[in-house]
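Structure first, commentary second.
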Amino acid sequence: MSALVITGVPGLGKNLEENFTDQAGKKPVVISTWDHGLAANAEAWKILNSRGKALDAVEKGVMVTEDDFSNLSVGLGGLPDREGIVTLDASIMDENGRCGGVAFLERIKHPVSVARMVMEKTPHVLMVGSGAQKFALENGFKLEPKKLSPAAEKAYKEWLKRSEYKPKANIENHDTIGMVAIDAVGNLSGSCTTSGLAYKMRGRVGDSPIIGAGMYVDNEVGAACATGVGETVLRICGSYLVVELMRQGLSPMDACKKAIERLVVKNLNYREVQVGFLALNKKGEHGAFAVQKGFTYALADSGGNKMFDSDYFLR
Ligand code: SD4
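First residue of the sequence shown? That's 1 in the working numbering, and the numbers climb one at a time after it.
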């Protein structure tokens, strides 16, 4: 058992425990990726604990992370593409199979809420770029300044000196937030939001806004989300694969593990990347698995809000 203390979230779980087995199911429950998941879960939990809907929980939860301008991988404080511009990707999906996504979106603070609006107000699933921004502005979102956060600007200037593109595992360019939740009545929903890989090519879109890659929900079976190098997840329709493996009877942990094994076979560069999957089944049991050591996730249920270490492939 490792014991890492997470600070900065008063009153919430403080122990980081290794979780190499499925946890017993409890409802409601919410899980989300990386350390910023704690604060996001805390918001989601308020909704779930008052018998609110999983859909509202997964939207409001990740909005906390999008709001944090000091976060270098989610929202407008994220690291930019190689031209110095922050472009955001997000998706959301509910218990009825309704879903929405936005990609390559600029200067809008809450891409997950725009994704929800795509789901609820349009006949479409995915909107991108200037069209997505226009849609957001027409629906009450504000155009935010075209400005990097101080930390992102500093990092970008540093990067420009060499302009080398080499994503590294578990550093600041791999910290998307993916969240999946089951509410008190047993309905599942999921969300995912990111500024994508740091210093990506202009126009690059990752797995996060793509339904079935960065996140997927099937209310009969379970829900899954992904974090890490999106190209490797896109190649295997990662989150959909995790859900389908649970449909075949695998536990959430085993489903995530099998999906990582598939990813490793289908991506020759797997040693150089980090990817983590998180899954929740209809019983409220959860699991996680990653390519490499270092993937953490947060879980909130009636027992509290805690961090866990995921098991991993490259031992
Ligand atoms: C992407 N999957 O754009 C995202 C990045 C990420 O943790 O997950 N970072 O490829």
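We put the CB at the ideal spot given by N, CA and C, even for glycine.
On a predicted model such as this, the values are computed, not experimentally measured, just so you know.
### Query
Is it the case that the Cβ atoms of THR176 and THR232 are separated by a distance below 9 Å?
No, these two residues do not count as a Cβ contact at 9 Å.
Exercise. State yes or no: is the C-beta of PRO75 within less than 9 Å of the C-beta of ASP68?
Key: Note on identity: in this sequence residue 75 is Gly, with Pro being the wrong assignment. Yes. Within cutoff.
- Query: Which whole-angstrom value is the C-beta distance of ASP343 and LEU48, which I expect to be below 8 Å?
  - Reply: Only positions 1 to 315 of the chain appear in this structure, which leaves residue 343 out of reach.
Next on the checklist: Taking its Cβ as the centre, do 16 or more other Cβ atoms sit within 10 Å of THR122, making it buried, or is it exposed?
Outcome noted: Of the residues assessed, THR122 falls on the exposed side of the cut-off, its CB having fewer than 16 other CB atoms within 10 angstroms.
Applying the 10 Å Cβ sphere with the 16-neighbour rule, what's the burial state of LEU4? Caution applies to LEU4, whose pLDDT of 32 falls short of 50 and renders its modelled position unreliable; the value that the coordinates give is listed next. With fewer than 16 Cβ atoms within 10 Å of its Cβ, LEU4 is classed as exposed.
Residues bridged to CYS192 by DSSP?
Looking at the DSSP assignment, CYS192 forms a beta bridge with SER91, GLY178.
Name the DSSP bridge partner or partners of TYR165?
Answer by DSSP bridge pairing: none, since TYR165 is not bridged.
Beta-ladder partner(s) of VAL30, from DSSP: DSSP output for VAL30 lists ALA181, ALA300 as bridge partner(s).
Notebook entry, point to check: Which class does ASN305 belong to by DSSP, given the choice of helix, strand or coil?
Noted result: Reduced to three states, the DSSP call for ASN305 is strand.
Check whether the region 149-156 and the region 103-112 are in contact - that is, three or more C-beta pairs closer than 8 Å. Contact between the region 149-156 and the region 103-112 is absent, because fewer than three Cβ pairs lie under 8 Å.
*asked:* Check for me: the alpha helix (DSSP H) holding CYS225 runs from which residue to which?
replied: Boundaries for CYS225: no alpha helix (DSSP H) harbours it, while the beta strand (DSSP E) harbouring it runs 222-228, taken from the DSSP string.
Just list the alpha helix (DSSP H) runs in the region 54-129, keeping only unbroken ones of 4 residues or longer that don't cross its boundaries, in chain order. 54-67, 111-121, all fully within the region 54-129.
Practice item. Please classify GLU66: is it buried, with 16 or more other beta-carbons within 10 angstroms of its beta-carbon, or exposed? Key: It is buried - the Cβ of GLU66 has at least 16 other Cβ atoms within 10 Å.
- [ ] Identify which residue in VAL229, LEU241, THR87, SER208 has its Cα closest to the Cα of TYR165.
- [x] Among VAL229, LEU241, THR87, SER208, the Cα nearest to that of TYR165 is on VAL229.
For ASP316, three-class secondary structure by DSSP:
In the structure as shown, the chain begins at 1 and stops at 315. Residue 316 is therefore absent and cannot be evaluated.
Original post:
Mind checking whether THR194 and ALA90 have CB atoms under 9 Å apart?
Top reply: Yes.
| CA-to-CA distance, GLU83 to ALA39, given in whole angstroms | Rounded to whole angstroms, the gap between the alpha carbons of ALA39 and GLU83 is 31 Å.
By the three-class DSSP mapping on this structure, what secondary structure does MET215 have? Here MET215 sits in strand by DSSP.
- Can you tell me whether LEU143 is buried or exposed, with buried defined as 16 or more other CB within 10 angstroms of its CB? So LEU143 ends up on the exposed side.
Margin query: Judging by CA-CA distance, which residue of ARG262, GLY222, GLN248 is the nearest neighbour of MET93?
Written below: Among ARG262, GLY222, GLN248, the Cα nearest to that of MET93 belongs to GLY222.
Determine, using beta carbons only, whether MET32 and VAL180 come nearer to each other than 9 Å.
What sits at residue 32 in the sequence shown is Ser, not Met. Taking the C-beta atoms as reference points, VAL180 is found nearer than 9 Å to SER32.
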